[in-house]
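Trainee: Dropping the structure in here first, questions after.
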Amino acid sequence: ALHLVASQPIDIIVLDLMLPGMDGRAVCRAIRATSAVPIIMLTALGEEEDRLVGFAVGADDYVTKPFSPREVVVRVAAVLRRAEAASVPAMVRDDGIIHSAGLIIQPALRRVQRGDAYLDLTAKEFDLLLFLARHPNQVFTRQQVLDAVWGYDFFGDASTVTVHIRRLREKVEHDPAEPTHLRTVWGVGYKFEP
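Counting from 1 along the sequence shown, just add 279 to a position and that's the residue number in the working numbering.
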């Protein structure tokens, strides 16, 4: 399987964890070292710790047995949609600086500029903006944002994301009441529109 991933284009991988010879987590980790191909783990291991480790080694989704074949098909389609949206070319220069939505985001300096002014962002506001700007037009649930920005070991509530988005809009948007870049996708989550 590792040879196939390295030798030909793959759209998505559905990976069982209980494989002969090599643990599925090790396979996922090896694939992630060289590829961003979407990976869905499909397994009988359904404990929370198993799921957390699965995501930590690079899975994009995690499905436990028993499952409906229709659910797997829908999850594959959803992961492919997210992967396609993430492949939208970002306006990132070779030095990692992002130019988008009238902002200049400088990750190495942890600085954001709008026009001639530098924005006064907290560390988490910066991390949140950087995460969303690196994935333009991709919709993330509050839980996905929480996991990506705060980490899997964060024990707070997903409403933390809502509060930070609101505060970030006040600093980034020209009209926070009518945001044009930090958008809410009702019933789903948030996205960054350049």
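Here a beta-carbon is modelled for each residue, glycine too, at the ideal position from N, C-alpha and C.
So, are the CB atoms of LEU408 and ILE376 less than 8 Å apart?
Mentor: Residue numbering aside, residue 408 sits at position 129 when the sequence shown is read from its first letter. Residue numbering aside, residue 376 sits at position 97 when the sequence shown is read from its first letter. Cβ distance not < 8 Å, so LEU408 and ILE376 don't count as in contact.
Trainee: Does the beta-carbon of GLN287 have 16 or more other beta-carbons within 10 angstroms, so that it is buried, or is it exposed?
Mentor: By 1-based counting over the sequence shown, the position of residue 287 is 8. The residue in question, GLN287, is exposed, as its Cβ has fewer than 16 Cβ neighbours within 10 Å.
Trainee: Using 8 Å as the Cβ pair cut-off and three pairs as the minimum, do the region 312–319 and the region 349–361 touch?
Mentor: The region 312–319 vs the region 349–361: in contact.
Trainee: Between the C-alpha atoms of ALA387 and PHE334, what's the straight-line distance to the nearest angstrom?
Mentor: By one-based count along the sequence shown, residue 387 stands at place 108. By one-based count along the sequence shown, residue 334 stands at place 55. Answer to the nearest angstrom: the Cα atoms are 26 Å apart.
Trainee: Excluding the five sequence neighbours on either side, which residues of its own chain have a C-beta within less than 8 Å of the C-beta of VAL391, listed in chain order?
Mentor: For the purposes of this step, residue 391 is taken as residue 112 along the sequence shown, with counting starting at 1. Result list for VAL391: LEU382, ILE383, ILE384, GLN385, TYR397, LEU398, LEU400, PHE405, LEU408, VAL451, in chain order.
Trainee: Check for me: the beta strand (DSSP E) holding ASP295 runs from which residue to which?
Mentor: Numbered from 1 along the sequence shown, position 16 holds the residue referred to as residue 295. Taken as a continuous stretch (DSSP letters only), the beta strand (DSSP E) holding ASP295 covers 292–295.
Trainee: Is it true that the CB of LEU283 sits closer than 8 Å to the CB of ALA309?
Mentor: Counting from one through the sequence shown, the residue named residue 309 turns up at place 30. Counting from one through the sequence shown, the residue named residue 283 turns up at place 4. No, these two residues do not count as a Cβ contact at 8 Å.
Trainee: In angstroms with no decimal places, state the Cα-to-Cα distance between ALA305 and GLU449.
Mentor: On the sequence shown, residue 305 is found 26 positions in, with the first residue counted as 1. On the sequence shown, residue 449 is found 170 positions in, with the first residue counted as 1. Going from the Cα of ALA305 to the Cα of GLU449 covers about 43 Å.
Trainee: I think ILE291 touches VAL351, with their Cβ atoms under 8 Å apart; what is that distance to the nearest whole Å?
Mentor: Locating residue 291 in the sequence shown gives position 12, counting from the first residue. Locating residue 351 in the sequence shown gives position 72, counting from the first residue. Between VAL351 and ILE291 the Cβ distance is about 11 Å, and since that is not below 8 Å, they are no contact.
Trainee: Over what stretch of residues does the alpha helix (DSSP H) that includes VAL332 continue unbroken?
Mentor: For this step, residue 332 is matched to residue 53 along the sequence shown. Counting along the chain, the alpha helix (DSSP H) containing VAL332 begins and ends at 327–335.
Trainee: Between which residues of its own chain and PRO368 is the CB-CB distance below 7 Å, once the five residues before and five after are set aside?
Mentor: Mapped onto the sequence shown, residue 368 falls at position 89. In this prediction, PRO368 has a pLDDT of 48, which is less than 50 and means its spatial position is unreliable; what the coordinates show is noted afterwards. Cβ neighbours of PRO368 beyond the five flanking positions: none.
Trainee: Name the two residues that bound the continuous alpha helix (DSSP H) containing LEU283.
Mentor: Locating residue 283 in the sequence shown gives position 4, where the first residue counts as 1. Looking at the DSSP string, the run of the alpha helix (DSSP H) that includes LEU283 is 281–286.
Trainee: Using beta-carbon positions only, say whether LYS470 and ASN416 come within less than 8 Å of one another.
Mentor: Stepping through the sequence shown from its first residue, residue 470 is reached at position 191. Stepping through the sequence shown from its first residue, residue 416 is reached at position 137. Contact: yes.
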